[in-house]
Amino acid sequence: MKHSLLLATAHITIITTYLFCSFANANANEVEVPKDTLISLTDACSKVAAEEQIDSIEKQQFVSDCVNAQLIEMGYQRQQSLAKTEIAKDNL
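In terms of mature numbering (1 follows the signal peptide of the UniProt record, and there is no 0), the sequence shown is residues -28 to -1, 1 to 64.
Rendered as structure tokens:
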């Protein structure tokens, strides 16, 4: 379980680093989060949820929290309705 968590954390860290470098100049008040960034983060967080065997009832909230944590680290604003967007629905 710990190995899986470390692997999942490393996976998200790599994706976040890549995306952060690509969008390092993003200003949370002026720049909208690119759709491909949301898709990539949602996909990565969904994979972590599957690897960690997150209960289906809690999966949507887990993915939303995971994506928002990464967005904040990248300098974007938190997405309040992420779980209700078509992007999230397609990747959950």
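Glycine is no exception: its CB is placed at the ideal position from the N, C-alpha and C atoms.
Inset, instruction - Mark Ala22 as exposed unless 16 or more other C-beta atoms lie within 10 angstroms of its C-beta, in which case mark it buried. - result: The residue given as residue 22 occupies position 50 in the sequence shown. Its Cβ having fewer than 16 others within 10 Å, Ala22 is exposed.
Inset, instruction - May I ask you to report which of helix, strand or coil DSSP gives Val3? - result: Taking the first residue of the sequence shown as position 1, residue 3 is located at position 31. Coil at Val3, not helix or strand.
Legend entry - First through last residue of the alpha helix (DSSP H) which encompasses Gln32: Residue numbering aside, residue 32 sits at position 60 when the sequence shown is read from its first letter. From DSSP, the alpha helix (DSSP H) with Gln32 extends over 28 to 46.
Inset, instruction - Drop a sphere of 10 angstroms on the beta-carbon of Ser28, count the other beta-carbons inside from all chains shown, and report buried for 16 or more, exposed for fewer. - result: Numbered from 1 along the sequence shown, position 56 holds the residue referred to as residue 28. Counting Cβ neighbours within 10 Å, Ser28 comes out exposed, since fewer than 16 surround it.
Inset, instruction - For Ser18, name the three-state secondary structure that DSSP assigns. - result: For the purposes of this step, residue 18 is identified with residue 46 of the sequence shown, where counting begins at 1. Helix.
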